[in-house]
Ligand code: AHR
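Numbering (mature numbering (1 follows the signal peptide of the UniProt record, and there is no 0)), first residue to last: 327 to 943.
Shown next as structure tokens:
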């Protein structure tokens with residue numbers, strides 16, 4: 327029986343509890359939310375990014391009545407950030423290229439308008455006509471013509487109105503005369519994007535995101551933001567730097583993506599801020615503090631942090647500065663003179679290396695001095711690899727951070743067992759941002775366990791200010807991470823069961839939490855059983871949830887984890903970094919949290935004594 331006291335004032339709820347975490351993972355941007363229909367439009371795909379890529383990925387030669395060659399060259403570049411271009415040499419009219427787009431092909435819908443554009447130059451003194459068609463099989467679904475007039479890089483545009491619908495199309499560009507022609511930034515963009523934005527978002531995907539009524543947008547990712555090299559372009563594994571992602575799209579370099587593919591930056595920081603605004607959500611960017619989280623330990627030396635700190639300050643100026651400031655004027659030139667009104671910034675993602683403690687203060691102090699109203703978010707808790715970032719909360723308090731970003735990818739049993747996780751969190755310290763969480767699976771049971779967890783977030787939303795499921799998007803043919811919230815191909819999408827849980831809670835977000843009581847009926851779950859004893863790692867029940875775990879090693883050292891489900895990825899003892907401490911473990915509850923850093927523990931050297939309460943499995 328459930329009873330709620332409707333007359334009580336209740337505890338006020340965070341009005342930003344429900345948001346989204348967008349990461350460029352699973353082809354979420356190119357081939358996903360970014361409405362561009364042409365894959366590898368700038369011929370920058372490279373085997374360094376992914377062994378299966380070449381400059382001609384997604385492209386092939388077409389010969390219709392003449393013969394020729396098609397190559398990718400790094401000479402005569404469009405500009406110093408867009409190095410490669412396509413060189414098409416033909417013996418006469420009728421040589422060209424076709425692009426397969428994403429998934430089954432280029433999608434066009436009857437009657438809809440599509441904007442074709444290309445940067446091109448030709449050696450032919452009389453110019454070269456280009457015929458552009460969208461085809462599937464032998465059917466043409468729309469066409470246009472442009473005339474490349476000179477041997478100077480120039481942008482040509484044409485509108486195509488589709489005469490039929492297909493989701494298996496290809497874009498074909500044919501040269502109408504003999505000679506050498508170079509092409510770059512070959513683009514086909516639906517006119518009808520979300521909110522009609524130029525260089526905008528695919529409408530159906532953006533609408534499905536908007537239907538979640540997100541109150542914030544964390545972007546541009548987790549590991550995408552903080553893993554890579556510190557070298558400048560043309561290094562191909564560069565850490566995400568927001569400045570590379572703004573300005574005209576043809577001047578944005580592409581980059582290797584942590585998830586193993588080429589990232590065009592067609593959606594960049596301007597587009598993310600604008601998308602957040604279009605959604606009615608607060609923008610929440612995450613930047614690197616030069617540490618390389620996500621299990622890649624390659625920190626930037628302290629004396630090299632200067633430009634990175636400055637980049638972060640410049641980002642805030644880009645978002646909020648007046649049109650007469652250096653970076654505010656860049657925003658204005660891109661079409662948004664009004665400030666975006668940035669309030670939050672995340673420093674780092676799942677940072678488990680000690681250099682984080684060294685680097686973070688440089689960024690935090692600079693932001694506090696220049697922009698005292700910006701809320702700074704540090705990070706802690708469990709990473710997706712299962713490690714506990716043990717000093718995170720202690721450090722956050724020392725640093726007077728506004729919020730701590732915690733991540734949980736665990737079994738459904740863990741989510742059920744952790745409904746009360748935040749009941750005892752310190753109300754006087756930093757707030758909690760559950761920046762990434764998902765029960766590992768996309769079944770109804772997973773969604774149900776998340777719903778249970780969310781009731782705990784709501785009950786504690788005086789301390790849990792923000793929460794977001796992760797990842798948000800997955801292209802069904804390019805999956806690096808599962809489960810995900812919204813699945814799509816080039817033409818369609820569907821929400822997972824978890825999507826509908828998020829939507830239900832967000833749509834029905836209340837203003838306050840009323841006191842309530844629940845009395846289990848006769849068919850309620852069995853009482854938890856206490857277990858104790860010596861266990862080998864192999865004897866952990868992979869289905870069980872262990873509550874209040876306390877682990878003591880044979881040498882007398884006390885090793886602690888809190889609640890976890892064995893075998894669910896939440897605990898990887900041989901590889902994780904674990905806290906070793908002398909006192910009792912009090913779950914992140916302010917001053918009583920006595921954890922300390924002890925580096926990596928090789929658990930194979932220990933015989934473990936376990937005291938736990940088994941609540942499932
Ligand atoms: O959401 C997928 C990944 O999980 C994120 O990139 C990272 O922050 C976490 O490890």
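We put the CB at the ideal spot given by N, CA and C, even for glycine.
Proximity test, residue i beta-carbon vs the ligand AHR heavy atom, cut-off 7 Å
i: residue 355; result: no
i: residue 797; result: yes
i: residue 719; result: no
i: residue 675; result: yes
i: residue 813; result: no
i: residue 550; result: yes
i: residue 351; result: yes
i: residue 807; result: yes
i: residue 804; result: no
i: residue 547; result: yes
i: residue 733; result: yes
i: residue 762; result: yes
Other residues of its chain near residue i: CB distance less than 6 Å, five sequence neighbours each side excluded
i: residue 330; result: 840, 842
i: residue 514; result: 363, 364, 440, 442, 497
i: residue 338; result: 838
i: residue 848; result: none
i: residue 328; result: 844
i: residue 596; result: 572, 660
i: residue 688; result: 631, 635
i: residue 512; result: 364, 367, 444
i: residue 640; result: 653
i: residue 828; result: 538, 795
i: residue 727; result: 702, 704, 756
i: residue 910; result: Any reading at residue 910 needs caution, since the residue's pLDDT is 25, under 50, leaving its predicted position unreliable; the model's value is listed next. Counting only Cβ-Cβ distances below 6 Å, and skipping sequence neighbours, we find nothing.
i: residue 815; result: 429, 802
i: residue 613; result: 638
i: residue 340; result: 787, 791
Cβ-Cβ separation, residue j to residue i (assumed contact under 8 Å), whole Å
i: residue 484; j: residue 460; result: Residue 484 to residue 460, Cβ: 12 Å. No contact.
i: residue 784; j: residue 343; result: 7 Å
i: residue 417; j: residue 455; result: Actually they do not touch by this definition, with Cβ atoms about 16 Å apart.
i: residue 703; j: residue 690; result: Contact doesn't hold; Cβ gap of about 10 Å is too wide.
i: residue 677; j: residue 617; result: 5 Å
i: residue 567; j: residue 672; result: So it is not a contact: roughly 15 Å between Cβ atoms.
i: residue 542; j: residue 628; result: With 8 Å as the limit, residue 542 and residue 628 do not qualify as a contact, their Cβ atoms being about 31 Å apart.
i: residue 531; j: residue 359; result: 5 Å
i: residue 674; j: residue 552; result: 6 Å
Bridge partner(s) assigned by DSSP for residue i
i: residue 813; result: 800, 820
i: residue 564; result: 555
i: residue 582; result: 588
i: residue 672; result: 612, 703
i: residue 440; result: 486, 516
i: residue 842; result: 330
i: residue 505; result: 416
i: residue 385; result: 425
i: residue 362; result: DSSP lists no partner for residue 362.
i: residue 462; result: 465
Close-in-space but distant-in-sequence residues of the same chain around residue i (CB under 8 Å, 5 per side omitted)
i: residue 654; result: 643, 644, 646, 647, 648, 665
i: residue 798; result: 346, 347, 348, 349, 354, 535, 810, 811, 812
i: residue 789; result: 748, 751, 752, 753, 757, 758
i: residue 414; result: 394, 395, 396, 421, 422, 423, 501, 506, 507, 508, 509
i: residue 864; result: The pLDDT assigned to residue 864 is 31, lower than 50, so where the model puts this residue is not dependable, and the model offers no usable value.
i: residue 767; result: 738, 809
i: residue 562; result: 372, 374, 375, 581, 582
i: residue 679; result: 617, 618, 619, 623, 625
i: residue 495; result: 427, 431, 432, 433, 434, 460, 461, 462, 467
Neighbourhood of residue i by C-beta distance below 7 Å, restricted to the same chain and skipping five residues each side
i: residue 371; result: 379, 380, 381, 383, 588
i: residue 947; result: What the structure shows of the chain is the stretch from 327 to 943, and residue 947 is not part of that stretch, so it cannot be assessed.
i: residue 420; result: 389, 390, 391, 392, 500
i: residue 820; result: 813
i: residue 603; result: 666
is_contact[residue i, chain B] using C-beta, thresh 8 Å
i: residue 585; result: Any reference to chain B falls outside this structure, which holds one protein chain only.
(request) Report the residue ranges of all beta strand (DSSP E) runs contained in full by the stretch 598 to 635; include only those spanning at least 3 residues, in chain order. (result) For the beta strand (DSSP E) assignment, the uninterrupted runs of no fewer than 3 residues enclosed by the stretch 598 to 635 are, from N- to C-terminal side, 608 to 613.
(request) Go through the stretch 407 to 458 residue by residue and report every complete run of the alpha helix (DSSP H) that reaches 4 residues or more, in order. (result) Within the stretch 407 to 458, no alpha helix (DSSP H) run of at least 4 residues lies entirely inside it.
(request) Please specify which runs of the alpha helix (DSSP H), each continuous and at least 4 residues long, are wholly inside the stretch 756 to 798, giving them in chain order. (result) Counting whole runs of 4 or more residues, the stretch 756 to 798 contains the alpha helix (DSSP H) stretches 770 to 785.
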